[in-house]
Amino acid sequence: MISLTEVADFLRAADDILILSHQYPDGDTLGSSTALCRGLQKMGKRVMIKCSDPIGPKFRYLFDGIEQQEFTPAVVVAVDIAALQLIGEPNLSLYRGKIDLCIDHHPSNTCYAKQCCIDPKAAATCEMIFDILNILNIDMDSQIASCLYTGIVTDTGCFKYINVTPRTYRIAADLVEKGAQAHRISRAMFDTKSRARIEMERRVMDSIAYYYDDRVAVIKITLQMIQDSGAAEDDIEGLASIPRAIEGVLIGVTIREKTDGGFKISLRAAPPWNASEICAVFGGGGHAGAAGCTFNTTLEDAKAQMLAEIGKYLDNHKA
Ligand SMILES: [Mn+2]
Numbered sequence: 004m005i006s007l008t009e010v011a012d013f014l015r016a017a018d019d020i021l022i023l024s025h026q027y028p029d030g031d032t033l034g035s036s037t038a039l040c041r042g043l044q045k046m047g048k049r050v051m052i053k054c055s056d057p058i059g060p061k062f063r064y065l066f067d068g069i070e071q072q073e074f075t076p077a078v079v080v081a082v083d084i085a086a087l088q089l090i091g092e093p094n095l096s097l098y099r100g101k102i103d104l105c106i107d108h109h110p111s112n113t114c115y116a117k118q119c120c121i122d123p124k125a126a127a128t129c130e131m132i133f134d135i136l137n138i139l140n141i142d143m144d145s146q147i148a149s150c151l152y153t154g155i156v157t158d159t160g161c162f163k164y165i166n167v168t169p170r171t172y173r174i175a176a177d178l179v180e181k182g183a184q185a186h187r188i189s190r191a192m193f194d195t196k197s198r199a200r201i202e203m204e205r206r207v208m209d210s211i212a213y214y215y216d217d218r219v220a221v222i223k224i225t226l227q228m229i230q231d232s233g234a235a236e237d238d239i240e241g242l243a244s245i246p247r248a249i250e251g252v253l254i255g256v257t258i259r260e261k262t263d264g265g266f267k268i269s270l271r272a273a274p275p276w277n278a279s280e281i282c283a284v285f286g287g288g289g290h291a292g293a294a295g296c297t298f299n300t301t302l303e304d305a306k307a308q309m310l311a312e313i314g315k316y317l318d319n320h321k322a
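Under our numbering, think of the first position of the sequence shown as 4, with each following residue one higher.
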């Protein structure tokens with residue numbers, strides 16, 4: 004494990020740097036990559052960013068004005084990537100065993116790079132990049148500030164999650180002072196949905212059913228619904244949090260039809276209820292708050308099996 008100062012020293016001495024973002028890229032991995040790329044390019048270095056998946060339209064502004072340079076990388080840096088597999092293909096095969104430095108905030112980081120700098124207390128990897136750019140004495144312009152702000156605002160759910168610290172607000176304030184477009188970024192990240200997403204939500208809301216004195220809510224996501232709403236994977240992400248958000252609901256259930264037949268069930272629960280205990284009965288797993296399992300049967304049968312198990316669980320765990 005190395006310190007932020009040692010990271011800065013390493014980067015100061017480096018050139019021809021490739022920065023890797025994780026697959027299914029989010030605001031933090033892309034905000035970290037683009038801010039670091041901009042900063043290092045200001046130092047006169049050749050830098051490029053690679054991600055195994057395409058960048059969604061809502062994140063394109065992060066790359067505005069960045070010249071992606073082509074070269075054979077001498078140094079590979081992974082940002083916000085907790086484990087090697089999360090690099091995804093094709094980059095995993097290309098750079099496995101060649102990652103020189105990993106900068107990340109996930110407590111589960113497996114330290115797969117030659118050198119690792121991990122700070123689980125950072126709400127976002129962008130907080131760490133903020134420090135690194137400051138140590139490197141890089142002039143933080145409004146574009147860098149907006150990139151870093153994006154990572155912080157997305158990884159904290161707009162400053163709502165438990166990972167937010169006083170330092171998170173101080174860094175955010177500093178970034179706004181340097182010209183981060185806080186209002187526009189929040190609107191783009193949280194208050195803007197694609198039409199396909201809204202169409203998907205409309206259908207999902209319509210499918211809500213309640214069980215066990217309204218303590219359990221179930222939603223469905225079928226291939227037909229996805230087709231009818233024109234939804235891409237991006238437009239489906241996070242829908243599983245809808246049933247659990249309903250007042251009085253203890254366990255939220257999402258039944259999603261898989262393209263290869265069968266169904267995936269995602270459970271959401273709040274303490275003291277444990278979603279992963281219920282999913283474990285069906286060979287699945289996850290966290291106490293969010294877990295999942297799969298069924299190779301009909302929707303009605305999968306739903307009946309899951310509801311029966313939830314019923315037993317609720318009987319055995321009176322709060
Ligand atoms: Mn992150």
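By construction, the Cβ of each residue, glycine as well, lies at the ideal position given by its N, Cα and C atoms.
It should be emphasised that the depicted structure is a prediction, and the values quoted were computed from it without experimental measurement.
Short Cβ contact (7 Å threshold) for residue i with residue j
i, j, result
"A199", "A234", "yes"
"T153", "G295", "no"
"D56", "Q88", "no"
"C150", "L65", "yes"
"E312", "V284", "yes"
"K306", "I258", "yes"
"L253", "V207", "no"
"T159", "A126", "yes"
"I135", "L7", "yes"
Rounded C-alpha distance that separates residue i from residue j
i, j, result
"P60", "E240", "15 Å"
"Y316", "I281", "7 Å"
"L310", "E180", "51 Å"
"V167", "A176", "13 Å"
"E204", "L104", "40 Å"
"M131", "P110", "14 Å"
"A291", "P274", "8 Å"
"M143", "D122", "22 Å"
"W276", "M51", "45 Å"
"Y214", "S244", "17 Å"
"D70", "T37", "It should be pointed out that residue 70 corresponds to Glu in this sequence rather than to Asp. Between E70 and T37, the C-alpha separation is close to 11 Å."
"I211", "M228", "14 Å"
"I141", "K45", "7 Å"
"A248", "Q184", "29 Å"
"R15", "A116", "18 Å"
"S269", "S279", "10 Å"
"T297", "V219", "19 Å"
"D107", "I90", "13 Å"
"P169", "L178", "14 Å"
"A236", "P93", "Looking at the sequence shown, residue 236 is not Ala but Glu. Those two C-alpha atoms are separated by around 19 Å."
"E260", "A293", "18 Å"
"N299", "K267", "9 Å"
"I5", "G255", "41 Å"
"I155", "I222", "31 Å"
"P76", "N137", "24 Å"
Nearest residue (CA-CA) to residue i, options the options
i, options, result
"V80", "N140, I165, V10", "V10"
"I20", "A220, K101, I211, K306", "K101"
"Y98", "I58, I138, I22, K196", "I22"
"D67", "C161, K267, T257, S145", "S145"
"S232", "E202, T257, I222, G255", "E202"
"G264", "G255, A278, T257, T225", "T225"
"I147", "F266, F133, K223, A293", "F133"
"T113", "A126, D83, C129, N94", "D83"
"A17", "S24, K48, G251, G34", "K48"
"T32", "G42, I58, L43", "I58"
Backbone secondary structure at residue i - three-state DSSP
i, result
"T297", "strand"
"R324", "In the structure displayed, the chain extends from 4 to 322; residue 324 sits before or after that span and is not available."
"G34", "helix"
"S269", "strand"
"G286", "coil"
"I69", "coil"
"I5", "coil"
"A307", "helix"
"V179", "helix"
"A16", "helix"
"A85", "coil"
"V167", "coil"
"I58", "coil"
Complete runs of the alpha helix (DSSP H) confined to the stretch 92-161 [at least 4 residues]: 94-98, 128-138, 145-158
Length at least 4, wholly inside the stretch 189-266: the alpha helix (DSSP H) runs in chain order: 198-209, 226-232, 236-239
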